[in-house]
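Asks: Sending over a structure as structure tokens; questions will come in a sec.
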Amino acid sequence: MNARSQDTARSNIGRLLLATALLSALLSSPIFAEGKSPKKAFFMSLAIPGWGEYYSGAKYRAAGFLGAETLTWIAWASWRSKGADLRAEFRQFADQQWNEGRYREWQAYNAIQPESERYIETETLPSKQEDIQQYYELVGKYAQFVYGWNDVMTQPLGVDNQSINSDLQLQYETMRNASNKHLKRASVVIGLTVVNHVISAIHASAYTNSITPKSRRVWVNFVPFAPDGRDGATAYLSKSF
Numbered sequence: 000m001n002a003r004s005q006d007t008a009r010s011n012i013g014r015l016l017l018a019t020a021l022l023s024a025l026l027s028s029p030i031f032a033e034g035k036s037p038k039k040a041f042f043m044s045l046a047i048p049g050w051g052e053y054y055s056g057a058k059y060r061a062a063g064f065l066g067a068e069t070l071t072w073i074a075w076a077s078w079r080s081k082g083a084d085l086r087a088e089f090r091q092f093a094d095q096q097w098n099e100g101r102y103r104e105w106q107a108y109n110a111i112q113p114e115s116e117r118y119i120e121t122e123t124l125p126s127k128q129e130d131i132q133q134y135y136e137l138v139g140k141y142a143q144f145v146y147g148w149n150d151v152m153t154q155p156l157g158v159d160n161q162s163i164n165s166d167l168q169l170q171y172e173t174m175r176n177a178s179n180k181h182l183k184r185a186s187v188v189i190g191l192t193v194v195n196h197v198i199s200a201i202h203a204s205a206y207t208n209s210i211t212p213k214s215r216r217v218w219v220n221f222v223p224f225a226p227d228g229r230d231g232a233t234a235y236l237s238k239s240f
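Counting along the sequence shown from 1, when you hit position 138 you're at 137 in numbering that gives the first Met the number 0, and nothing is skipped either side.
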């Protein structure tokens, strides 16, 4: 090969290398866009139900999850508020109708009875400062505290508490149970809210994954010789799906 032919060959190889580099750069990017991230959609909906669906383009599904979230929080606020109001009412009722001093008198009376005849006290009344929830629960729940209610104050002290009926104690327990019912509903709603977050996150991730095309790539590889080993150049195309 003369000098001119060698120069021409080198020039052709140079142009081939440049063209190959440009083609490789062009084709190394995905033919299709990578699309949305299922992981991102998962965490978006885990934070705010429906957010991941909206991110993936499923606006109606997003509205469904967000609507459920809104309704659960409205229900929680309503039941929590109602339960708290009823709790304030039954505590005020107890403060007006149950006398701790009278209960302590009964305790002193019970303590001086023959051991075999005493009423067995199974509960210890804490102060309001120590445990306000327990305080208001005990006075209405157990017969041990019946002598503190105003409607039995005229009855002589005794040790057969189970036989003493107090309409005030029964009314109080009805009020307390109504409060607890609403507060428990509020607690259940919190659990449903957590479930809604998790379901929305899983759904958003699965939906995003289902609509996102797989990454398709094309590469061009260049080797500076012909397949038979002679002088030349060979370009190989490869792709992945």
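We put the beta carbon where it would ideally sit given N, CA and C, even for glycine.
Could you tell me the alpha carbon to alpha carbon distance between residue 43 and residue 146, rounded to whole angstroms?
Replies: If I take the Cα positions, the gap works out to 58 Å.
Asks: Going by the DSSP bridge assignment, what does residue 148 pair with across the sheet?
Replies: 97
Asks: Going by alpha carbons, who is nearest to residue 72 out of 203, 180, 191?
Replies: 191
Asks: Which first and last residues belong to the alpha helix (DSSP H) in which residue 129 is found?
Replies: Membership of residue 129 in the alpha helix (DSSP H) is indicated by the continuous run 127-140.
Asks: If contacts are defined as beta-carbon pairs under 8 Å, then residue 96 and residue 139 qualify, I think. What distance do you get, rounded to the angstrom?
Replies: Incorrect: roughly 10 Å between the Cβ atoms, too far for contact.
Asks: Excluding the 5 residues preceding and the 5 following residue 39 in the sequence, name in chain order all residues of the same chain whose CB lies nearer than 6 Å to its CB.
Replies: none
Asks: DSSP state of residue 82, grouped into three classes?
Replies: DSSP places residue 82 in helix when its eight states are reduced to three.
Asks: Here's the rule: buried if 16 or more other CB atoms are within 10 angstroms of the residue's CB, otherwise exposed. What is residue 52?
Replies: By the neighbour-count rule (16 or more Cβ atoms within 10 Å), residue 52 is buried.
Asks: Using 8 Å as the threshold, is the segment 79-89 in touch with the segment 169-178, meaning 3 or more CB pairs across them?
Replies: yes
Asks: Which residue comes first and which comes last in the alpha helix (DSSP H) that contains residue 143?
Replies: Residue 143 -> no alpha helix (DSSP H), and no H or E assigned at all.
Asks: Should residue 235 go down as buried or exposed, given a rule of 16 or more other Cβ atoms within 10 Å for buried?
Replies: Note that residue 235 scores 48 on pLDDT, short of 50, meaning its location in the model is unreliable; the coordinates nonetheless yield the value given after this. Looking at its Cβ environment, which holds fewer than 16 other Cβ atoms inside 10 Å, residue 235 is exposed.
Asks: Which term fits residue 93, buried or exposed, when burial requires 16 or more other beta carbons within 10 angstroms of its beta carbon?
Replies: Buried, since its Cβ has 16 or more Cβ neighbours within 10 Å.
Asks: Assign residue 161 to one of two classes, buried (16 or more other C-beta atoms within 10 Å of its C-beta) or exposed (fewer than that).
Replies: exposed
Asks: So is residue 125 buried or exposed if we call it buried at 16+ other beta carbons inside 10 Å?
Replies: exposed
Asks: Given a threshold of 16 other Cβ atoms within 10 Å of its Cβ, counted over all protein chains shown, does residue 112 qualify as buried or as exposed?
Replies: exposed
Asks: Note the first and the last residue of the continuous alpha helix (DSSP H) segment covering residue 207.
Replies: 166-210
Asks: Determine the direct distance from the alpha carbon of residue 55 to that of residue 195, and round the result to whole angstroms.
Replies: 18 Å
Asks: Short of 7 Å in beta carbon distance, which residues of its chain neighbour residue 102, apart from the five on each side in sequence? Order them along the chain.
Replies: Excluding positions up to five away in sequence, the list reads 144, 146, 147.
Asks: Excluding the 5 residues preceding and the 5 following residue 156 in the sequence, name in chain order all residues of the same chain whose CB lies nearer than 6 Å to its CB.
Replies: 105, 108
Asks: So, under 8 Å CB-CB, residue 189 and residue 75 are touching, yes? Tell me the CB distance rounded to an integer number of Å.
Replies: 6 Å
Asks: Determine the burial state of residue 59: buried for a count of at least 16 other Cβ atoms within 10 Å of its Cβ, exposed for fewer.
Replies: exposed
Asks: Using the Cα positions of residue 242 and residue 63, report the straight-line distance between them to the nearest angstrom.
Replies: Residue 242 falls outside the range modelled here, since the chain spans only 0 to 240, and no answer is possible.
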